[in-house]
Amino acid sequence: MNTFAFIIHPIDPKKDVQRKFPLLGKLLPVAAINFFSRYFPPVYISHITGVRSEATGEEVEGWFVACPFTPQRMMTLPPPVVYKKIIQTGRLAERLGAQILGLGAFTSVIGDAGVTISKGLRIPVTTGDSYTVYVAVEAARQAAQRMGIVLNQAVAAVVGATGAIGSVSARLLSREVPEMILVGRRQERLDALREQIEAETDAKVRTTTDLSALRQADVVITVTSAIESIIEPHHLKSGAVVCDVARPRDVSRQVVEARDDVLVIEGGMVKVPGPVDFHFDFGFPPGKAYACMAETMILALEGRFEPFTLGKEIQIEKVQEIGHLAEKHGFRVE
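This is the structure in structure tokens:
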């Protein structure tokens, strides 16, 4: 049986630590968890079973392993310290018998997006970003249809547009809409992406560093690496669809509570084929997983033990290929 592993890490320190260590999570304040996480070892979380291909009937098994660093620690500690801890977590996956390793949440975006981590391990590493892009764009399509938004008449926006996932999502979505708004922090990089999209498509492209531009967008994909939420109720147009792919979330909880005229969806969730059991409560609906997790499962089902998605440049061809393989094996965007 082919095998895989996937690295996770605490995003909400108290809540996530309590899932695995109830007493520790209850007793320690957030500041203490952040501080001591530097000294915690990698943690075995659970055994994953029941991932079964609809095409072949074959199953794969895997493991969740955790890097103890929170996003705050990954952003503030020296990169070599962060790399070392993630590599240690990957070596735990190797000892468990994994043939391929997926990087989750901040472990996939820190530094050079997996390149250095891959060099420190014997097994291949993938960030899962190719399938994340595929799922984000497909989820946005489905949600737009649900809200009665016709894409070829709509204005779309991508927040975090100059990042690896954001830039490719913007390039793909620009093929389907007449107008695209690119939102990011660095104007020169936004302008470079605008020129690329205008060369590839007929879309009219605008760039901005101001989130208030989202009030003109019918469809929003947001995928920044912000530590806290950045999109508030006043940023969004009535009737808009927001596909939040970021971990931690870009969209404030207040948007869901205060804006019942806006549809906010989990942009990175898919249905996994087979009687899958994570043996751990992530708070997901039954049988669902993040797209980045699913990419690792798909590659294991294919026997493709290779660094499928690595580094900060995501290839559209890889996005299309992993989307095809996902459909073949029965992974569904819902």
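Quick note: the sequence shown uses this note's numbering, first residue 5, plus one each step.
Glycine included, each C-beta is placed from N, C-alpha and C at the ideal position.
If I follow the unbroken beta strand (DSSP E) through residue i, where does it start and stop?
{"i": "ALA9", "result": "7-12"}
{"i": "MET273", "result": "273-275"}
{"i": "MET184", "result": "183-187"}
{"i": "PHE68", "result": "63-70"}
{"i": "ALA293", "result": "292-294"}
{"i": "LEU354", "result": "Because the chain spans 5 through 338 in this model, residue 354 falls outside it and cannot be assessed."}
{"i": "VAL246", "result": "245-248"}
Indicate the three-state DSSP secondary structure (helix, strand or coil) for residue i in the structure shown.
{"i": "ARG56", "result": "strand"}
{"i": "GLY94", "result": "helix"}
{"i": "LYS322", "result": "helix"}
{"i": "THR213", "result": "coil"}
{"i": "ASP195", "result": "helix"}
{"i": "THR120", "result": "helix"}
{"i": "ILE225", "result": "strand"}
{"i": "ALA160", "result": "strand"}
{"i": "ARG175", "result": "helix"}
{"i": "TYR48", "result": "strand"}
{"i": "THR130", "result": "strand"}
{"i": "LYS316", "result": "coil"}
{"i": "VAL154", "result": "coil"}
{"i": "ARG99", "result": "helix"}
{"i": "ILE235", "result": "strand"}
{"i": "LYS208", "result": "strand"}
{"i": "VAL337", "result": "strand"}
So, is residue i buried or exposed, given that buried needs 16 or more other C-beta atoms within 10 angstroms?
{"i": "PRO84", "result": "exposed"}
{"i": "PHE39", "result": "exposed"}
{"i": "GLN191", "result": "exposed"}
{"i": "ASP248", "result": "buried"}
{"i": "PRO75", "result": "buried"}
{"i": "ARG198", "result": "buried"}
{"i": "LYS89", "result": "buried"}
{"i": "HIS239", "result": "buried"}
{"i": "PRO26", "result": "exposed"}
{"i": "GLU142", "result": "buried"}
{"i": "ALA9", "result": "buried"}
{"i": "ARG263", "result": "buried"}
{"i": "VAL242", "result": "Reading the sequence as shown, one finds Ser at residue 242 and not Val. It counts as exposed."}
{"i": "TYR294", "result": "buried"}
{"i": "VAL69", "result": "buried"}
{"i": "VAL323", "result": "buried"}
{"i": "ASP133", "result": "buried"}
{"i": "ARG42", "result": "exposed"}
{"i": "GLU261", "result": "exposed"}
{"i": "HIS13", "result": "buried"}
On a Cα-Cα basis, can you pick out the residue from the options that is closest to residue i?
{"i": "THR226", "options": "SER242, GLU261 and VAL187", "result": "VAL187"}
{"i": "GLY307", "options": "SER233, SER57 and ARG179", "result": "SER57"}
{"i": "ARG175", "options": "VAL69, ALA148, LYS208 and VAL245", "result": "LYS208"}
{"i": "ASP222", "options": "PRO82, GLY167 and VAL159", "result": "VAL159"}
{"i": "ASN6", "options": "GLY101, PRO182 and PRO252", "result": "GLY101"}
{"i": "PRO182", "options": "GLN157, ILE12 and ILE201", "result": "GLN157"}
{"i": "PRO46", "options": "ILE114, TYR87 and MET273", "result": "TYR87"}
{"i": "ILE163", "options": "VAL280, ILE15 and ALA250", "result": "Checking the sequence shown, residue 163 turns out to be Val, not Ile. Out of VAL280, ILE15 and ALA250, ALA250 has the C-alpha closest to the C-alpha of VAL163."}
{"i": "GLY271", "options": "ASP281, ILE49, VAL224 and ILE52", "result": "VAL224"}
{"i": "GLN103", "options": "PHE309, ILE91 and PRO252", "result": "PHE309"}
{"i": "GLY66", "options": "ARG77, TYR48, THR60 and MET78", "result": "TYR48"}
{"i": "LEU194", "options": "GLU180, ASP206, ARG179 and VAL172", "result": "VAL172"}
{"i": "GLU338", "options": "CYS71, ALA144, LEU125 and ILE52", "result": "ALA144"}
{"i": "THR205", "options": "ILE231, ILE302, ALA230 and SER178", "result": "SER178"}
{"i": "PRO128", "options": "GLN319, ALA304 and LYS316", "result": "ALA304"}
{"i": "PHE110", "options": "ILE201, VAL154 and GLY167", "result": "GLY167"}
{"i": "GLN200", "options": "PRO311, SER233 and ALA165", "result": "ALA165"}
{"i": "LYS316", "options": "SER112, GLU232 and THR53", "result": "SER112"}
{"i": "GLY54", "options": "LYS275, CYS296 and ILE326", "result": "LYS275"}
What span of residues does the alpha helix (DSSP H) with residue i cover, start to end?
{"i": "GLY106", "result": "Where GLY106 is concerned, there is no enclosing alpha helix (DSSP H), although the beta strand (DSSP E) it sits in stretches over 105-107."}
{"i": "ASP133", "result": "133-150"}
{"i": "ALA165", "result": "Where ALA165 is concerned, there is no enclosing alpha helix (DSSP H), given that its DSSP letter is neither H nor E."}
{"i": "GLU261", "result": "257-262"}
{"i": "ALA35", "result": "34-40"}
{"i": "GLN220", "result": "Unbroken run through GLN220: none, as it is neither H nor E."}
{"i": "ARG77", "result": "75-80"}
Practice prompt. Could you tell me whether the region 88-97 touches the region 276-295, where touching means 3 or more Cβ pairs closer than 8 Å?
Written response: no
Worksheet item: Would you call the region 209-216 and the region 246-262 in contact, with 3 or more CB pairs under 8 Å?
Response: Counting Cβ pairs under 8 Å, fewer than three are found: no touch.
Worksheet item: Touch check for the region 129-141 and the region 322-333: three-plus C-beta pairs under 8 Å?
Response: yes
Discussion item. For the region 104-120 against the region 143-155, do three or more pairs of beta-carbon atoms, one drawn from each stretch, fall closer than 8 Å, so that the two count as touching?
Written reply: no
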